[in-house]
Amino acid sequence: MRLSRNTRKAISKAAAGVIVAIIVIVIAAGVGYWYYTTQQRGPTKIIWASTQLVPPEEQSFVKGTLLADFKKKTGIDVEFVGMSYSQMITRITSEEQAGKVTISLIGDLHGDLDMMASKGYLMDLSKFGTLPGRTFPKVLMNYAKLHGIQAYIPWMTATYVMVINKKAFKYLPPGLTEEDVIKGTSKWTYDALLAWAKNLYEKTGKKLLGFPAGPHGLFVRFLHGYLYPAFTGAQVKNFDSPDAVKMWQYLKKLWQYVNPASTTWDAMADPLLKGQVWIAWDHTARIKDAIEQEPNQFVVVPVPQGPKGRGFILVVAGLAIPKNAPNPKAAWKLIDYLTQPSTQVEVLKKTGFFPTVQEASKSIPSGALKVLAEGVNAQLNAPNALVAMIPSLGSKSGDFKSIYITAFRRIVLQGEDIQKVLSELGPQLMKLFKETGAPLPPPDSG
Amino acid sequence: MNSSDQNRKSFSIIERYLPYFLIAPALSYLLFFIGYPLTQGIILAFTDSRGHFTLAHINYLLYSPQSLFYAALKNTLMLAAVIIPIQVMIALGLSLLLSSSFVGRDLALYIVIIPLTISDVAGGLIWYSMLSTNGFFNKFLMAAGLIHSPIHFFGYQYRAMEFLAIVLAEVWRATAIVFVIIFAGLQMISREYIEAAEVFGASTWVKLRHIIFPMLKPSLQSALLIRTLFAFQVFGVVMVLAGRDIPVLAGEAYYEQTELYHYGVAALYAIIIAAISVIIGYIYIKMFKAQYIREVGAG
């Protein structure tokens, strides 16, 4: 190829330009990296790793409001690191085993903290003394004492409740009163719920009971933490039992009156507001919107009870300090801040997580939050309560959910033989606990 | 040997390596953003949490009672097989219609393209609220006295209707992209060919069959290619309208990853989607290229 002198000149100019550009970029990147890794050491910063309040909106509230306020009061800079459950377990395990801990404060659910305490990764918090001016309910404090230490301080609670559109009370089945439902008396049973849903369907022609059974809905919690304890007395150990067969038979009957679009719903606030359902079950955080928009239209009530009691899940999030944490004193100050009644009410307002200190409950403003809090309280104090906790299976927690969802899909949606499905899936469920060594969750563990 | 010869020598070295220099940024981009994730994906799919080689993820995918792989594969193929022909036909019809001039043509053009600006999840939500039991569609039919109780579109029991809803939403949402490509192709066909045909008294059909279709082929190829690749990634619309009632490949990948924490299985799904896309892309290119060359050769 022969090129004219001018073209060659132009090419060599272009080549020189490209080479210079590449060199400049490489140098700039190197300087940037050096600056980023070595020069960015501001004031002391502690790391707060949390599996809770991770969604973007909640995270911006934590960083922008809570931690900004905390910094103003104490001068301590906190880096909030949101992570998934399995990330948390992996990170704490590897940091503790390597003896190089970077995290000062952990915010996680009871089950995971139980697991960490059992491995000896957590500090005994009793040495920091008490937190003046606040009372934790005894039941919560008992859960927080694990493996001989005060493993965590109860931080927030959440649960799953039923929401009733007041219109539905006009169609109560005989023998059930509005008061029974709101207070959660022994007449408010799963059979009564079935009769109610049936009555609604027959009188209105619509299936007005709904569940969040979509791909990201929490219906699986209803299966293992509500129906199973209520019918079999346990979440896991009676998975394949005669009582469980009765439970699935019941659910098949109930499903005839459940809005079929339930399998596409991830949260119940929207179907409630649109009037597609009048009775719904969901996580408190996922129905908050509906109640906030129409606090006079909805009531929050305890779940019904079954033959073995009123099974419900209590989600308890706690704050713990890992052993060899770089800055335990600052972490304790943050715990102090996060458990103050005013902070706790703020968190409830923004996220729908309920306070763990009794002083906070008194200062909940009236309106939607009061409606929610009253329902949650009624559920906690209803007779025959059978508290279930979500088991801590780390990276296997997905398989745990999958087993219950698969059972539901095959038995209720596809109409397969109940006993056959349970016998097939039961051993897989037990295997998960054996493989991970995780303890059976309450109420199984008694 | 004079100095200009030496100059030429040093230039020829630059000439030889210049292309590599020029292509280096693009190549490193490809390596970093496609090569690296692809390798990581394959590693993820075939190793366990300790980094050892394993076939456990494949076994789960193919044989576990909890895996919905076969249903997902079937549904994805069926959706593609139903949606793409409808879209191509509508897009072709619209392009031919809009390439003739009439009053309000520009406005019509804009309206046809509007769905292109809406994301798939948003599009799915629009159709969900329109087709739900107390949505616009049912209210309209009830008010018109055509039906007495609402038509159910959603829920496991109504999977056929869910399928229909997905087809409707996808056709509405993604026909525009096919249309834009075909319409552009149509604009590029020189009027001279058609005028020449008209001189010889060719009918509309003959013009379509022997001038417009052959010359549209490259555009049709790109449109089909893009649309088919998108069809195998169908996700947002299905998630919104049918959840996991109608599992699809991309949806299962997402579900396995975010809900079940089966990262290896999710990676496998991604690899399968990529493999199908590559195969289909290859087939399209072979098919159209062969015909194109034959025609040129014959001409």
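Sequences listed follow chains A and B, in order. Counting in numbering that gives the first Met the number 0, the first sequence runs from 0 upward without gaps. Counting in numbering that gives the first Met the number 0, the second sequence runs from 0 upward without gaps. In this text, a Cβ means the ideal position worked out from N, Cα and C, and glycines have one as well. Predicted, not measured: the structure shown is a model, and the values here were computed from it.
Can you tell me which of A:Lys332, A:Leu421, A:Lys419, A:Ala9 puts its alpha carbon nearest to the alpha carbon of Gly128 of chain A? Taking the first residue of the first sequence as position 1, residue 128 of chain A is located at position 129. Of all alpha-carbon atoms in A:Lys332, A:Leu421, A:Lys419, A:Ala9, the one lying nearest the alpha-carbon of Gly128 of chain A is that of A:Lys332.
Checklist entry - In angstroms, rounded to a whole number, what distance separates the CA positions of Gln427 of chain A and Val236 of chain B? => result Position 428 of the first sequence, counted from the start, is the residue given in the question as residue 427 of chain A. Position 237 of the second sequence, counted from the start, is the residue given in the question as residue 236 of chain B. Taking C-alpha positions only, Gln427 of chain A is separated from Val236 of chain B by approximately 33 angstroms.
message: Check for me: the beta strand (DSSP E) holding Asp443 of chain A runs from which residue to which?
response: Position 444 of the first sequence, counting from 1, holds the residue named residue 443 of chain A. Element bounds for Asp443 of chain A: n/a, residue is neither H nor E.
Hey, out of A:Gly317, A:Glu423, A:Lys44, whose CA is closest to Phe238 of chain A's CA? The residue you call residue 238 of chain A lines up with position 239 of the first sequence. Per the C-alpha coordinates, the member of A:Gly317, A:Glu423, A:Lys44 positioned closest to Phe238 of chain A is A:Glu423.
Exercise. Using the beta-carbon of each residue, which ones in chain A are nearer than 7 angstroms to His261 of chain B?
Worked result: Counted from its first residue, the second sequence places residue 261 of chain B at position 262. What His261 of chain B touches in chain A: Gly397.
Going along chain B, which residues have a C-beta under 7 angstroms from Lys273 of chain A? Taking the first sequence and counting its residues from 1, the one referred to as residue 273 of chain A is at position 274. Neighbours of Lys273 of chain A on chain B, chain order: Asn133.
Item checked: Distance between Arg208 of chain B and Ala289 of chain A (C-alpha atoms, nearest Å) -> As a position in the first sequence, residue 289 of chain A is number 290, starting the count at 1. As a position in the second sequence, residue 208 of chain B is number 209, starting the count at 1. Roughly 58 angstroms separates the two Cα atoms.
Please identify, using Cβ separations under 9 angstroms, the residues of the stretch 230 to 245 of chain B that lie next to chain A, in order along the chain. Residues Met238, Val239, Leu240, Ala241, Gly242, Arg243, Asp244.
Where Gly16 of chain A falls, given that 16 or more other Cβ within 10 Å makes a residue buried
For this step, residue 16 of chain A is matched to residue 17 along the first sequence. Gly16 of chain A should be labelled exposed.
Just to make sure I have the definition right: I need the residues of chain A whose C-beta is within less than 7 angstroms of the C-beta of His51 of chain B. Which are they? On the second sequence, residue 51 of chain B is found 52 positions in, with the first residue counted as 1. Below the 7 angstroms Cβ cutoff, chain A contributes no neighbours of His51 of chain B, its closest Cβ being approximately 16 angstroms away.
Measuring only the C-alpha atoms, how far is Lys349 of chain A from Leu163 of chain B?
By 1-based counting over the first sequence, the position of residue 349 of chain A is 350. By 1-based counting over the second sequence, the position of residue 163 of chain B is 164. Between Lys349 of chain A and Leu163 of chain B, the C-alpha separation is close to 39 angstroms.
query: Can you list the residues of chain E that Glu423 of chain A reaches, using a CB-CB cut of under 7 angstroms?
result: Chain labels in this structure do not include chain E; the protein chains are A and B.
| When DSSP labels each residue in this structure, what does Pro161 of chain A get in the three-state scheme? | Numbered from its first residue, the first sequence carries residue 161 of chain A at position 162. The residue asked about is misnamed: residue 161 of chain A is Met in this sequence, not Pro. The answer is strand: DSSP assigns Met161 of chain A an E or B state.
- Message: Between Trp264 of chain A and chain B, is any beta-carbon pair separated by less than 9 angstroms?
- Response: Looking up residue 264 of chain A in the first sequence gives position 265. Among the residues facing chain B, Trp264 of chain A is included, as its CB has a counterpart in that chain under 9 angstroms away.
message = Strictly by DSSP, which residues pair up with Ile389 of chain A?
response = Reading the first sequence from its first residue, position 390 is the one you call residue 389 of chain A. Partner residues in a beta bridge of Ile389 of chain A, as assigned by DSSP, do not exist.
Three-state secondary structure (DSSP) of Ser99 of chain B:
Taking the second sequence and counting its residues from 1, one reaches residue 99 of chain B at position 100. Residue state, collapsed to three classes: coil.
Open item on the list: Between Leu392 of chain A and Leu431 of chain A, how many whole angstroms is the CB-CB distance? I'm expecting something under 8 angstroms.
Closed with: The residue you call residue 392 of chain A lines up with position 393 of the first sequence. The residue you call residue 431 of chain A lines up with position 432 of the first sequence. That belief holds up - the Cβ atoms of Leu392 of chain A and Leu431 of chain A are roughly 6 angstroms apart, short of 8 angstroms.
- request: For Ile25 of chain B, count neighbouring C-beta atoms within 10 Å of its own C-beta (all shown protein chains included) and say buried if the count is 16 or more, exposed if not.
  value: Translated into positions along the second sequence, residue 25 of chain B becomes position 26. With the sequence shown as reference, residue 25 of chain B is identified as Ala, and Ile is not the correct amino acid for it. Answer is exposed; the Cβ neighbour count stays below 16.
Is Ile46 of chain A near Glu95 of chain A, with beta carbons less than 9 angstroms apart? Residue numbering aside, residue 46 of chain A sits at position 47 when the first sequence is read from its first letter. Residue numbering aside, residue 95 of chain A sits at position 96 when the first sequence is read from its first letter. Glu95 of chain A is positioned such that its CB atom lies no closer than 9 angstroms to that of Ile46 of chain A.
Short of 9 angstroms Cβ to Cβ, which residues in the stretch 136 to 155 of chain B face chain A? Those residues of the stretch 136 to 155 of chain B placed with their C-beta closer than 9 angstroms to a C-beta in chain A are Ser148, Pro149, His151, Phe152, Phe153, Gly154, Tyr155, ordered along the chain.
Exercise. List the endpoints of the continuous beta strand (DSSP E) containing Glu78 of chain A.
Key: Position 79 of the first sequence, counted from the first residue, corresponds to residue 78 of chain A. Its beta strand (DSSP E) spans residues 76 to 81.
Inset, instruction - In the DSSP assignment, find the unbroken beta strand (DSSP E) run with His56 of chain B in it and report its ends. - result: For the purposes of this step, residue 56 of chain B is taken as the residue at position 57 of the second sequence. Counting along the chain, His56 of chain B falls outside any beta strand (DSSP E), though it belongs to the alpha helix (DSSP H) covering 55 to 62.
Check: For the alpha helix (DSSP H) that contains Asp68 of chain A, what are its first and last residues?
Finding: What you label residue 68 of chain A is simply residue 69 of the first sequence in a count that begins at 1. Going by DSSP, Asp68 of chain A is part of the alpha helix (DSSP H) stretching over 66 to 73.
Note to self: Below 9 angstroms on C-beta distance, what does His215 of chain A contact in chain B?
What the structure shows: Position 216 of the first sequence, counting from 1, holds the residue named residue 215 of chain A. Contact note: His215 of chain A reaches chain B through Met238, Gly242, Tyr254, Thr257, Glu258, using a C-beta cutoff of 9 angstroms and chain order.
What is the DSSP secondary structure of Gln304 of chain A, reduced to helix, strand or coil?
-> The residue labelled residue 304 of chain A in the question sits at position 305 within the first sequence. Strand.
field: Residues near Gly317 of chain A by beta carbon distance below 8 angstroms, same chain, minus five either side
entry: Along the first sequence, one-based indexing puts residue 317 of chain A at 318. Counting only Cβ-Cβ distances below 8 angstroms, and skipping sequence neighbours, we find Gly106, Asp107, Leu108, His109, Leu112, Ala143, Ala150, Tyr151, Ile152, Pro153, Trp154.
| field | C-beta atoms of Gly183 of chain A and Gln378 of chain A nearer than 9 angstroms | value | Numbered from 1 along the first sequence, position 184 holds the residue referred to as residue 183 of chain A. Numbered from 1 along the first sequence, position 379 holds the residue referred to as residue 378 of chain A. In this structure, Gly183 of chain A sits near Gln378 of chain A, with a CB-CB distance shorter than 9 angstroms.
| chain A within 9 angstroms of Gly250 of chain B, Cβ atoms only | Residue numbering aside, residue 250 of chain B sits at position 251 when the second sequence is read from its first letter. Taking Cβ atoms only, chain A reaches closer than 9 angstroms to Gly250 of chain B, which makes this a yes.
*asked:* Considering only the alpha carbon of each residue, which of A:Lys8, A:Gln296, A:His146, A:Met82 lies closest to Lys118 of chain A?
replied: Reading the first sequence from its first residue, position 119 is the one you call residue 118 of chain A. When each option's Cα is compared against that of Lys118 of chain A, the closest is A:His146.
Close Cβ partners of Val61 of chain A (< 7 angstroms) along its chain, the five nearest in sequence each way excluded: Position 62 of the first sequence, counting from 1, holds the residue named residue 61 of chain A. Answer for Val61 of chain A: Leu52, Phe79, listed in chain order.
Run down chain B in chain order and give the residues with a C-beta less than 8 angstroms from the C-beta of Lys400 of chain A. On the first sequence, position 401 is the one that residue 400 of chain A refers to. Lys400 of chain A reaches chain B at Glu258, Leu259, counting residues in chain order whose Cβ is nearer than 8 angstroms.
Going by DSSP, what residue range makes up the beta strand (DSSP E) through Arg7 of chain A? Position 8 of the first sequence, counted from the first residue, corresponds to residue 7 of chain A. That residue, Arg7 of chain A, is in no beta strand (DSSP E); its alpha helix (DSSP H) goes 4 to 33.
Output needed for Leu250 of chain A: all residues of its chain with C-beta closer than 7 angstroms, excluding positions within five of it in sequence on either side, in chain order.
As a working mapping, residue 250 of chain A is identified with position 251 in the first sequence. Take Leu250 of chain A, set aside five residues on each side of it, and the residues of its chain with a beta-carbon closer than 7 angstroms to its own are Leu226, Val411, in chain order.
Exercise. Quick one: Cα of Leu72 of chain B to Cα of Phe231 of chain B, how far?
Worked result: As a position in the second sequence, residue 72 of chain B is number 73, starting the count at 1. As a position in the second sequence, residue 231 of chain B is number 232, starting the count at 1. Cα to Cα, the separation comes out at about 9 angstroms.
Q) Can you name the residues that DSSP bridges to Arg285 of chain A? A) Locating residue 285 of chain A in the first sequence gives position 286, where the first residue counts as 1. DSSP output for Arg285 of chain A lists no bridge partner at all.
| message | Between the stretch 164 to 184 of chain B and the stretch 116 to 129 of chain B, can you find at least three pairs of beta-carbon atoms closer than 8 angstroms? | response | Three or more beta-carbon pairs drawn from the stretch 116 to 129 of chain B and the stretch 164 to 184 of chain B are found closer than 8 angstroms, and the two stretches are therefore classed as touching.
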